[in-house]
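The next block holds one structure in the form of structure tokens; read it before the comments.
In this note's numbering, the protein residues as written are 954 to 1366.
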């Protein structure tokens, strides 16, 4: 099952790591290998995720690039299968071991003609309890001497999640949680499959205002429909300790807008950047993200990047730390109940850095005698989360600090 708790932040870190590496595209073939290690230590609920990935692209001629990729998520640790609040007490809190292995394979084609680029890709993911298919299409064009770039993208996901085999007519307050992935994607009578449909739209405008200043404006919109909870997680909903599988709305709309800028200070050989992002969804979560970064050339082949990020969000409309009491502090918020801390009000703080070594060769002077380009990178991020209204039976969680280490190797032939 996709682990929702760390991977939200993990995805942002992966995207950031990729943005500071990579060999130029004017090559016949490129290979990119990297590994990301997410560690969230805790005496009660530690989590470790290893994310190796491989991407290969071939450009037989300027108008065509064919790419393929593979990545895995290797998850081990512990989680809380039953969420209790302060009124229930800590005795109901339990911890269960989590192990999972996710495989994702992707393939795509990019076509280029003059200043226009078109791309299409397909991805397939598999876990013990989850299957995903995704199709993505994109188009971009450049004009005004390539100082302006406009891009549109759309992706469609067709996912299936394994769930406990209860009847759809069973009241949400009586539904059991999934106890294990055993029997998933088989004809087992105590298992069933629920669908998850995903639609994502994106529009981006990148503008080079001067030789040293560039901005990017990105707008995204997403629709989710189907089973949007965690089948393994239950929530205490009765004063006597009664619990049921968490119950989320079946539809969710998301919208976000982000503005990023980058300015290169020539005399210092340093680029400074900023980012601002706002987000809203139909579950009434509102978030804001602010980021600053700086990247400096220490040597012609050596760069150092440092960054900091602040994130803040409100809780979902139906969020409550305890569904057994009464309003306004504790109690139900309508027909839905959740144990997902990513739906609670929270803040997070990130500090990190990257070291990138880039070597460029030529036809007569290959790097290490074989490559026209070679990149090596190392990154380290530290993430602290401040949970404003989330407890384990009234006690503060102990898994609110995480580190992410990234190692990368990119080669062009």
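Yeah, the Cβ is synthetic: ideal placement off N, Cα and C, and Gly gets one too.
Return the residue from the list the options that minimises the CA-CA distance to residue i.
i            : options                : result
residue 1246 : 1240, 1234, 1007, 1305 : 1305
residue 991  : 1224, 999, 1160        : 999
residue 1336 : 1263, 1269, 1324, 1241 : 1263
residue 1185 : 1096, 1117, 1153, 1202 : 1117
residue 1391 : 1040, 1068, 1058, 1033 : This structure gives no information on residue 1391, because the portion of the chain shown stretches from 954 to 1366.
residue 1022 : 1029, 1030, 1005       : 1005
residue 1360 : 1350, 1307, 1122, 1228 : 1307
residue 1258 : 1215, 1275, 1292, 1298 : 1215
residue 1204 : 1212, 1176, 1225       : 1176
residue 1345 : 1213, 1188, 1152, 1322 : 1188
residue 1238 : 1226, 1298, 981, 1302  : 1298
residue 1172 : 1105, 1136, 1196, 1290 : 1105
residue 1236 : 1208, 1256, 1260, 1249 : 1208
residue 1055 : 1030, 1316, 1248, 1024 : 1024
residue 901  : 1225, 1060, 1364       : Nothing about residue 901 can be reported from this structure: the residues present for the chain run from 954 to 1366 only.
residue 1040 : 1274, 1111, 981        : 1274
residue 1178 : 1143, 1093, 1151       : 1151
residue 1031 : 1037, 1053, 1020, 1014 : 1053
residue 1072 : 1060, 1086, 1078, 1079 : 1060
residue 1070 : 1087, 1088, 1077, 1093 : 1093
residue 1251 : 1309, 1332, 1202, 1100 : 1309
residue 1027 : 1085, 1003, 1226, 1019 : 1003
residue 1355 : 1366, 1362, 1302, 1320 : 1302
Quick one: what's got a C-beta closer than 6 Å to residue i's C-beta in the same chain, skipping five residues either side?
i            : result
residue 1353 : 1338
residue 1311 : 1254, 1328
residue 1200 : 1125, 1289, 1290
residue 988  : 1005, 1360
residue 1212 : 1170, 1229
residue 1082 : 954, 1115, 1134, 1137
residue 1265 : 1241, 1300
residue 995  : 1351, 1352
residue 1155 : 1106, 1173
residue 1036 : 1188, 1292
residue 1090 : 1073, 1107
residue 1261 : 1245, 1304
residue 978  : In this prediction, residue 978 scores a pLDDT of 44, lower than 50, which makes its location untrustworthy; the coordinate-derived value is nonetheless stated afterwards. Within the same chain, residue 978 has no close Cβ partners at all.
For residue i, which three-state DSSP category applies?
i            : result
residue 1095 : strand
residue 1219 : helix
residue 1294 : helix
residue 1126 : helix
residue 1037 : coil
residue 1113 : strand
residue 1005 : strand
residue 1100 : coil
residue 1239 : strand
residue 1164 : coil
residue 1345 : strand
residue 1330 : strand
residue 1075 : strand
residue 1067 : coil
residue 984  : strand
residue 1205 : strand
residue 1288 : coil
residue 1054 : strand
residue 994  : coil
residue 1272 : coil
residue 1361 : strand
residue 1350 : coil
residue 1138 : coil
Just to confirm my understanding: we take residue i, look at its own chain, exclude 5 residues before and 5 after, and list those with CB closer than 7 Å. What are they?
i            : result
residue 1313 : 1326
residue 1142 : 1118
Looking only at its chain, what residues have a beta carbon closer than 8 Å to the beta carbon of residue i, apart from the 5 residues adjacent to it on each side?
i            : result
residue 1017 : 1062, 1063, 1064, 1065
Exercise for review: Determine contact between the region 1204 to 1221 and the region 1265 to 1276, defined as no fewer than three beta-carbon pairs at a distance below 8 Å.
Suggested key: no
**Study point:** Cβ pair count under 8 Å reaching 3, the region 1189 to 1198 against the region 1223 to 1239
**Key:** no
Review point. Is the region 1146 to 1157 touching the region 1126 to 1135, taking contact as three or more C-beta pairs under 8 Å?
Key: no
Review point. Using 8 Å as the Cβ pair cut-off and three pairs as the minimum, do the region 1007 to 1016 and the region 1163 to 1172 touch?
Key: no
Point to revise | Those runs of the beta strand (DSSP E) which lie wholly inside the region 1224 to 1269 and span at least 3 residues | key: 1239 to 1252, 1255 to 1266
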